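Undergrad:
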Amino acid sequence: MAELEGALSKTTGKHRVALDWFHENKGDIIAWSDIQKFSSDHSRLVNQAKGIYKPGYSDYALSLCTIQN
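Position one of the sequence shown corresponds to residue 1207 (the working numbering), numbered consecutively onward.
#1: Excluding five sequence neighbours on each side, which residues of the same chain lie with their C-beta closer than 6 Å to the C-beta of K1243?
#2: Which same chain residues, not among the five before or five after P1261, have their C-beta less than 6 Å away from its C-beta?
#3: From what residue to what residue does the alpha helix (DSSP H) around I1241 run?
#4: What three-state label does DSSP hand G1233 in the structure shown?
#5: Among G1212, K1220, A1208, L1210, which residue has its Cα nearest to the Cα of D1265?
#6: Got a sec, what are the start and stop residues for the alpha helix (DSSP H) G1212 sits in?
What follows is the structure in structure tokens.
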């Protein structure tokens, strides 16, 4: 846990807010509507399509989405 806190402490702004959201919701099943609400209130978390989402404001990827067959 200390390693995660150390990494997060180096992150700021929208990217930090989004990473905190992921950390707070880990292990939970989240409705798409809740993801959309967070995105409209704060910043986008994922792409609806399959792939890696890297926000324009960041040098780093934020999330990745896969589709189970």
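Using N, Cα and C, we set each Cβ at its ideal position, and we do this for glycine too.
Note that the structure is a prediction, hence the values are computed from the model and not measured.
TA: Looking at the atomic coordinates:
#1: none
#2: L1268
#3: 1238 to 1247
#4: coil
#5: K1220
#6: 1208 to 1215
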